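Taken in sequence, the protein lines are chains A and B. Residue numbering for the first sequence follows the working numbering, beginning at 1 and increasing consecutively. Residue numbering for the second sequence follows the working numbering, beginning at 1001 and increasing consecutively. We treat Cβ as the ideally placed atom computed from N, Cα and C, and that holds for glycine. Nothing here was measured: the structure is a model prediction, and the numbers come from that model. Scroll down for the structure; my scribbles are underneath it.
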Amino acid sequence: MIFIYQIVGAIAGLLAIILAISRFKEGKITIGMLSLWILIWIGVIYVSLDPGATNLFASFVGIGRGLDVVIILGLFGCYYLVFKIYIMIESMEKEITELVREIAFQREDLKEMNNLKVEEKDKNLNKSK
Amino acid sequence: MKFLPKKQKNKVEQLLYKNSKNSANSAFNRNDWNIYVVLPAYNESKTIKKVIEDLKNKNLNLIIIDDGSSDQTFEIARNAIYSINGSIYHHILNRGLGAALKTGIDAALKKNADIIVTFDADGQHHPEDIIPVCKPIIECKADFVIGTRNFEEMPNSKKFGNTAMNWLTQIFYDIHVNDSQSGLRAFNRKAARILDIRSRGYGVSSEIIGEIKNHDLKIGEVPIKTIYTDYSMTKGTNLKVGLKILFKLILNIVRKVLS
């Protein structure tokens, strides 16, 4: 007998795979990330359709119930993703800082160049007088 | 200049100097050295003008970094610096003390600075302390010098945070200094070029010391005076900032391990 949560899990997994493929086609994720996401979501679909399969894995790793294994793995996955997002944000922050610094340098260089030009003009004016 | 007993810790030579009245006028000629003072400022409109005017008379090159202030800091600094030997760099977004210091140090290196001094814009430092802090570099006794504040005179709220940061610096960077969070520091060109500053916020102070230690450069410490006002008390390292720094230090270790 198939329960509603199994259908919802399988449909969510399928939609997520389609979304990952479309993001790959748009060039927003790499082929490595696409493969990783497809593997993860195939796993979700498989576990949704055959929840008993998790018991096999649970007995293999020594955890009592299959569902516990899924929850523990899910938690580890979430922690990993949060960390990955943190690294991404850090790297973006670094790029923004470099951009802000470059703009500051360019503006000051431009100002100093203009000041030099004004000084040169003044000198030439004084000479011609 | 009298030397206090050397503190030999972690193989880094730490020289403690007694700051005498004559220290600025002794044998060396500081005019032979191209000294740049880097002044990072974020929302310091109340103090920046006085700080710049106090520095004007010292015949030093000034580099001001306005770190995306939302008040009039940039305009006030631009007007104050107009008649003197100085440049002002404007971060269009607030990027933090570490980012502002890096901009200032990079700018000073581009201008062929021999010695780069960092100086807080909240008015807590005495301009008279700049030359004594540069002296160990001029005398080739140190590559990097910290202007060490007197913890006995420090208000308790500040003393707690700064002592905790000294401990954290020792734990995470394996080096003991007497004032890891001091804003008054001096670098020679070699030390400034070698620095790879990654911290954007207040964590930069400990990071700089760690970088100096990693590159086996000589660290000196010179006692300085500090002006504590109600205004300067609201700035700098407090418990919240300390916790943020601790969080960043731990995350950096996790990141290094995972990568």
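How many angstroms separate the CA atom of residue i from the CA atom of residue j?
i: B:A1115; j: B:P1132; result: Note that residue 1115 of chain B is Ile in the sequence shown here, rather than Ala. Cα to Cα, the separation comes out at about 12 Å.
i: A:L125; j: B:N1079; result: 27 Å
i: A:V118; j: B:F1247; result: 50 Å
i: B:K1135; j: B:P1223; result: 12 Å
i: B:I1137; j: B:F1187; result: 8 Å
i: B:E1221; j: B:G1147; result: 6 Å
i: B:L1195; j: A:Y46; result: 52 Å
i: B:T1163; j: A:Y86; result: 29 Å
i: B:E1211; j: A:G43; result: 45 Å
i: B:L1101; j: B:L1039; result: 8 Å
i: B:S1205; j: A:W37; result: 41 Å
i: B:Q1014; j: B:A1142; result: Note that B:Q1014 scores a pLDDT of 48, beneath 50, so its modelled location is shaky; the value from the coordinates is reported in the next line. Their backbone Cα atoms lie some 8 Å apart in a straight line.
i: B:D1106; j: A:G64; result: 59 Å
i: B:F1144; j: B:S1045; result: 30 Å
i: A:W41; j: B:N1178; result: 54 Å
i: B:F1160; j: B:D1230; result: 17 Å
i: A:G66; j: B:F1172; result: 41 Å
i: A:L14; j: A:S22; result: 12 Å
i: B:Q1072; j: B:G1183; result: 22 Å
i: B:G1201; j: B:I1065; result: 14 Å
i: A:L49; j: A:V70; result: 14 Å
i: B:D1174; j: B:I1253; result: 14 Å
i: A:G74; j: A:K28; result: 24 Å
i: A:F3; j: A:A53; result: 16 Å
i: B:G1068; j: B:L1097; result: 11 Å
i: A:L56; j: A:A20; result: 29 Å
i: B:I1084; j: B:E1128; result: 18 Å
i: B:I1130; j: B:I1250; result: 34 Å
Mind listing the chain B neighbours of residue i? Cutoff is C-beta to C-beta under 9 Å, in chain order.
i: A:I103; result: H1090, H1091 and I1092
i: A:R65; result: Those do not exist, as A:R65 stays about 30 Å from chain B at its closest Cβ, beyond 9 Å.
Under 8 Å, Cβ to Cβ, is there at least one residue of chain A near residue i?
i: B:R1200; result: yes
i: B:R1095; result: yes
i: B:S1087; result: yes
i: B:T1118; result: no
Listing by chain order, which chain B residues have their CB less than 7 Å from the CB of residue i?
i: A:T97; result: R1095, A1099 and R1200
i: A:V100; result: H1091, I1092, L1093 and R1095
In the DSSP assignment, find the unbroken beta strand (DSSP E) run with residue i in it and report its ends.
i: A:N114; result: Element bounds for A:N114: not the beta strand (DSSP E) but the alpha helix (DSSP H), G66 to S128.
i: B:L1062; result: N1061 to D1067
i: B:N1034; result: Counting along the chain, B:N1034 falls outside any beta strand (DSSP E), and DSSP gives it neither H nor E.
i: B:T1118; result: I1115 to T1118
i: B:N1347; result: With chain B covering 1001 to 1259 only, the question about residue 1347 of chain B has no answer from this structure.
i: B:N1188; result: R1185 to N1188
i: B:P1223; result: I1219 to P1223
i: A:Y46; result: It is not in any beta strand (DSSP E) - A:Y46 instead sits in the alpha helix (DSSP H) that spans I31 to L49.
i: B:I1088; result: G1086 to H1091
Under 8 Å, Cβ to Cβ, is there at least one residue of chain B near residue i?
i: A:E93; result: yes
i: A:E108; result: yes
Using a Cβ cut-off of 7 Å, pull out every chain A residue sitting near residue i, in sequence order please.
i: B:T1103; result: R101 and A104
Can you find a CB in chain C that lies within less than 8 Å of the CB of residue i?
i: B:N1252; result: Among the protein chains in the structure shown, which are A and B, there is no chain C.
Under DSSP, the alpha helix (DSSP H) around residue i begins and ends at which residues?
i: B:F1074; result: T1073 to I1081
i: A:F3; result: Taken as a continuous stretch (DSSP letters only), A:F3 belongs to no alpha helix (DSSP H), as it is neither H nor E.
i: B:I1146; result: From DSSP, B:I1146 is part of no alpha helix (DSSP H) but of the beta strand (DSSP E) over F1144 to T1148.
i: B:E1152; result: First-last for B:E1152: undefined, no H or E at that position.
i: B:S1205; result: V1204 to N1214
Checklist entry - Just by C-beta distance, which residues in the stretch 1067–1085 of chain B are closer than 8 Å to chain A? => result G1068
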